[in-house]
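Contents: one structure, followed by commentary.
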Amino acid sequence: MRRGGAWAWGFTAPALLLIGFYLAYPTLATIYLSLLDRQSQRFVGLRNYVDLFSSNAMLTALRNNVLWLVLFTTLTVGLGLALAVLTDRVRYEAAAKALIFLPMAISFVGAGVIWKFVYAYRPAGAPQIGLANQIMVMLGREPVGWLITQPWVNNLALIVVGVWIWTGFAMVVLSAAYKGIPKELLEAARVDGANEWQVFWRISLPVMQSTVAVVATTMVINVLKVFDIVYVMTNGNFGTEVMANRMYKEMFQFRHFGRASAIAVILFMAIVPVMLANIRRFRQQEATR
Amino acid sequence: MNNPPTPRPGIRASLRVRPAHPAGTATLGVSGPNVVVHMVVVLTALAWFLPTLGLLVSSLRPASDVLNSGWWTVFANPFDLTRWTLANYQHVLAQQGMARAFFNSFAIALPATVLPILVASFAAFAFAWLDFPGRQALFLTVVAFLVVPLQMTFIPVLRIYNQLGLAGSLVGIWLAHTGYGLPFAVYLMRNFFGSLPAELFESAYIDGASPLSAFFRLALPMSTPALASLGIFQFLWVWNDLLVALIYLGGGSATAPLTLKLSSLVGSYGQDWHVLTAAAFVSMIVPVVVFFALQRYFVRGILAGAVKG
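Respectively, the protein sequence lines represent chains A and B. For the first sequence, the working numbering puts the final residue at 299, and the numbers step up evenly by one. For the second sequence, the working numbering puts the final residue at 1396, and the numbers step up evenly by one.
This is how it looks when you write it as structure tokens:
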């Protein structure tokens, strides 16, 4: 460590100025704007928030974000865990993981197009061109309008796209943690007669606890910000609205900057606990160095 | 602070196989994992791959085929060359402006990768190896901004952009991606620099080296793996971004990147799957190549940055 007041300011100034301009100042400004009217002229107090919580469109968006929160987080973490443990046991681990991880490299827009095509609908009797309805037909069922059947089918169909993208992330991070568990620990349990199921629930999972928490937190943040998938696939129609898409509409279609800001603030409030946890975690990390 | 932290376990693990728990343990039998394990892994990998395969196959089929029969039907007769065509690619590149958008994506992503890494590295070095008042508090502020939803920033920044004439410009989007990418980049580089041996810098300082030369001669050259991970991460993030481009460039802009162009094609050619599949594949080709070529660094970046929002 070197004392370096002037040097340090020179080194950090560009980063601090940019963070100040693009993140710190706008965050404060948006909180203020959320208390002003549509054109940011007059102070209206909490009016925008009251309006939002009494509008059907926004309540649908809130409901859907909760649905995403529960299903998306459970599925990505659950599948990621299962795949981390299972792929570890096969010889073609690298190939299997690469295929599952690949969607992480693709943009959400690209993924949206891929899955819109999977969900393509042709009436019963006509040859299906979408994979999902071909499977339905092969099972002897009627083809389904996946993206227009409200309220559960289409929201689930969108959540599946999110899960398809992010499971690879969960798998890779959890797999690294799983491989970090000392072999002897697991072997000792097996020698003592524990079966694989018990080894997983009683040893592997508790040891991986903090990584599971980090992955779950990342997924929660992703859910709150989910935008591209919905924007590309349904644009929030047929009851699939989510908060981030709603904010975009308030901003660019309705040009109501007060309500758009209020939605952003609601998203921000939901993320504040994660922010505080990150800070706390970093301080602990520093204290143990 | 002066002791390098112990490396996080498993941080170096990648997609390459490193069998920590060889198959064939007691309960699984000497013949390796059982059939159920194979089935689950193979079926999942297949299910994950089929949607992308369907897109690729469809993009190479004539328009009328794409609209009238399932893409899987080509496998009945895969060598019938009349059923394959590059026309969809010619169409999207030449007539739908995807070639221009491809160029725009590079023009946006390359500077928007180099700039934040450079700015972040300077700051991270100061946070790791220079003592100054407010060091810890400032760094904690940076950590706090790791997860702020970008939605919180759009309206105020866009208003300033409109006043300065930066909306729709390349400079505007480079700087926006730089600002948004900085917290993660500073965090990652600060942790990496912090793990370098303290003696290195102390002896350099005793020999009279300035922080600037310690940064360029020692810290940066020793950080190539971290810089590579961060570079790939930021590049893919910017390349795949829709929202930031949508807000600051706007839909019909001449500077629109691939994601923006693709999403507007979805709006106007919703059912023309031969156009959409080819356009989507054009937008994916660079990230997919980067992914397969540099998977190791990509995974490392992900593991190091599991906290990013």
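All residues carry an ideal CB built from backbone N, CA and C; glycine is no exception. Treat the numbers as computed from the prediction; the structure is a model and nothing was measured.
Exposure label - residue i; buried when at least 16 CB within 10 Å
| i | result |
| --- | --- |
| W207 (chain A) | exposed |
| L1294 (chain B) | Note on identity: in this sequence residue 1294 (chain B) is Asp, with Leu being the wrong assignment. D1294 (chain B) is exposed by the Cβ-count criterion. |
| N1164 (chain B) | exposed |
| T1114 (chain B) | Summary for T1114 (chain B): the model assigns pLDDT 43, below 50, so the residue's position carries little reliability, and this model does not support an answer. |
| S64 (chain A) | exposed |
| I116 (chain A) | buried |
| N1191 (chain B) | buried |
| T177 (chain A) | buried |
| N1249 (chain B) | exposed |
| E103 (chain A) | buried |
| F1368 (chain B) | buried |
| N66 (chain A) | exposed |
| D238 (chain A) | buried |
| Q219 (chain A) | exposed |
| M1371 (chain B) | buried |
| E1286 (chain B) | exposed |
Own chain partners of residue i with C-beta closer than 6 Å, once the 5 adjacent residues on each side are dropped
| i | result |
| --- | --- |
| R1387 (chain B) | S1316 |
| P1109 (chain B) | With a pLDDT of 47 at P1109 (chain B), under the threshold of 50, the modelled position of that residue is not reliable, and no figure is offered here. |
| A199 (chain A) | V209 and I213 |
| L1253 (chain B) | G1259 |
| V233 (chain A) | W78, L79 and F82 |
Contact set for residue i: own chain, Cβ-Cβ below 8 Å, skip 5 residues either direction
| i | result |
| --- | --- |
| R1222 (chain B) | A1213 and F1214 |
| V100 (chain A) | A106 |
| W1261 (chain B) | I1195, P1198, A1199 and L1202 |
| W1360 (chain B) | S1145, V1153 and L1154 |
| G1255 (chain B) | Y1335, L1336, G1337, S1340 and T1342 |
| L1347 (chain B) | A1188, L1329, A1332, L1333, L1336, G1338 and S1340 |
| T227 (chain A) | V284 and A287 |
Proximity test, Cβ basis, 8 Å: residue i and chain B
| i | result |
| --- | --- |
| K235 (chain A) | yes |
| W174 (chain A) | yes |
| M285 (chain A) | yes |
| S117 (chain A) | yes |
| W78 (chain A) | no |
| L43 (chain A) | yes |
| P113 (chain A) | yes |
| N75 (chain A) | no |
| W211 (chain A) | no |
| D47 (chain A) | no |
| I281 (chain A) | yes |
| V9 (chain A) | Within the shown structure, residues of chain A are numbered from 11 to 299, placing residue 9 (chain A) beyond reach of any answer. |
Beta-carbon proximity list for residue i, same chain, < 7 Å, skipping 5 on both sides
| i | result |
| --- | --- |
| F1232 (chain B) | P1270 |
| N165 (chain A) | N74, L77 and T250 |
| T1200 (chain B) | G1318, Q1321, F1322 and V1325 |
| Q144 (chain A) | Q138 |
| M1088 (chain B) | A caution first: M1088 (chain B) carries a pLDDT of 34, below 50, which makes its placement in the model unreliable, though a value can still be read off. Cβ neighbours of M1088 (chain B) beyond the five flanking positions: none. |
| V87 (chain A) | A180, V222, V225, A226 and M229 |
| I1242 (chain B) | none |
Residue-level contact to chain A via CB, residue i, 8 Å cutoff
| i | result |
| --- | --- |
| G1388 (chain B) | no |
| V1128 (chain B) | yes |
| P1270 (chain B) | yes |
| Y1056 (chain B) | Outside the shown range of chain B (1088 to 1396) lies residue 1056 (chain B), about which nothing can therefore be said. |
| F1280 (chain B) | no |
| T1342 (chain B) | no |
| F1378 (chain B) | yes |
| D1218 (chain B) | yes |
| G1141 (chain B) | yes |
| T1172 (chain B) | no |
| L1038 (chain B) | Examination of residue 1038 (chain B) is not possible in this model, given that chain B is present from 1088 through 1396 alone. |
| P1308 (chain B) | no |
| P1284 (chain B) | no |
| F1322 (chain B) | no |
Heavy atom of the ligand FMN within 7 Å of residue i beta-carbon
| i | result |
| --- | --- |
| P1165 (chain B) | As presented, the structure is devoid of all ligands, the ligand FMN included, so that no description of it is given. |
If we require 3 or more residues per run, which beta strand (DSSP E) segments fall completely within the region 135–175 of chain A?
Counting only runs of 3 or more, we get nothing.
Short of 8 Å Cβ to Cβ, which residues in the region 142–166 of chain A face chain B?
Of all residues in the region 142–166 of chain A, only Q144 come within less than 8 Å of chain B when Cβ atoms are compared, listed by chain position.
What are the residues in the region 122–138 of chain A lying within 8 Å of chain B by C-beta distance?
Taking 8 Å as the Cβ-Cβ cut-off against chain B, the residues of the region 122–138 of chain A that qualify are G122, V123, I124, W125, K126, F127, V128, A130, P137 and Q138.
Against chain B, which members of the region 240–253 of chain A pass a CB distance test of less than 9 Å?
Answer in chain order: Y241, V242, M243, N245 and M253.
Secondary structure, alpha helix (DSSP H): runs of 4+ residues fully inside the region 46–105 of chain A
Positions of the alpha helix (DSSP H) runs, each at least 4 residues long and wholly inside the region 46–105 of chain A, are given as 57–63 and 66–97 in order along the chain.
If we require 4 or more residues per run, which alpha helix (DSSP H) segments fall completely within the region 1350–1394 of chain B?
Fully enclosed alpha helix (DSSP H) runs of 4 or longer: 1360–1380 and 1382–1391.
For the region 1229–1249 of chain B, which residues have a CB atom closer than 9 Å to at least one CB atom of chain A, in sequence order?
Answer set for the region 1229–1249 of chain B: V1229, V1230, A1231, F1232, L1233, V1234, V1235, P1236, L1237, Q1238, M1239, T1240, F1241, I1242, P1243, V1244, L1245, R1246 and I1247.
Determine which residues of the region 257–270 of chain A have a Cβ less than 9 Å from any Cβ of chain B, and write them out in chain order.
Residues M257, Y258, M261, F262, F267 and A270.
For the region 1111–1181 of chain B, list the alpha helix (DSSP H) runs that are entirely contained and at least 4 residues long, ordered along the chain.
Along the length of the region 1111–1181 of chain B, whole alpha helix (DSSP H) runs at least 4 residues long occupy 1122–1146, 1150–1155 and 1174–1177, reported in chain order.
What alpha helix (DSSP H) runs, 4 residues minimum, are completely inside the region 1211–1235 of chain B?
If we require 4 residues or more, the alpha helix (DSSP H) runs fully inside the region 1211–1235 of chain B come out as 1222–1231.
Counting only Cβ-Cβ distances shorter than 8 Å, please list the residues of the region 52–64 of chain A near chain B, keeping chain order.
Correct list: empty, as no residue qualifies.
Mind listing which residues of the region 82–103 of chain A have their C-beta closer than 7 Å to chain B's C-betas, in chain order?
If you check each beta-carbon in the region 82–103 of chain A against every beta-carbon of chain B, the ones closer than 7 Å belong to L93, L96, T97, D98, R99, V100 and E103.
In the region 201–281 of chain A, which residue ranges form an unbroken alpha helix (DSSP H) of at least 4 residues, counting only runs that do not cross its ends?
The region 201–281 of chain A contains these whole alpha helix (DSSP H) runs: 206–209, 215–235, 238–243 and 253–262.
Cβ-based contacts, 9 Å cut-off: residues of the region 1141–1167 of chain B near chain A
Those residues of the region 1141–1167 of chain B that come within reach of chain A (Cβ to Cβ, closer than 9 Å) are G1141, L1142, S1145, V1153, L1154, N1155, S1156, G1157, W1158, W1159 and T1160.
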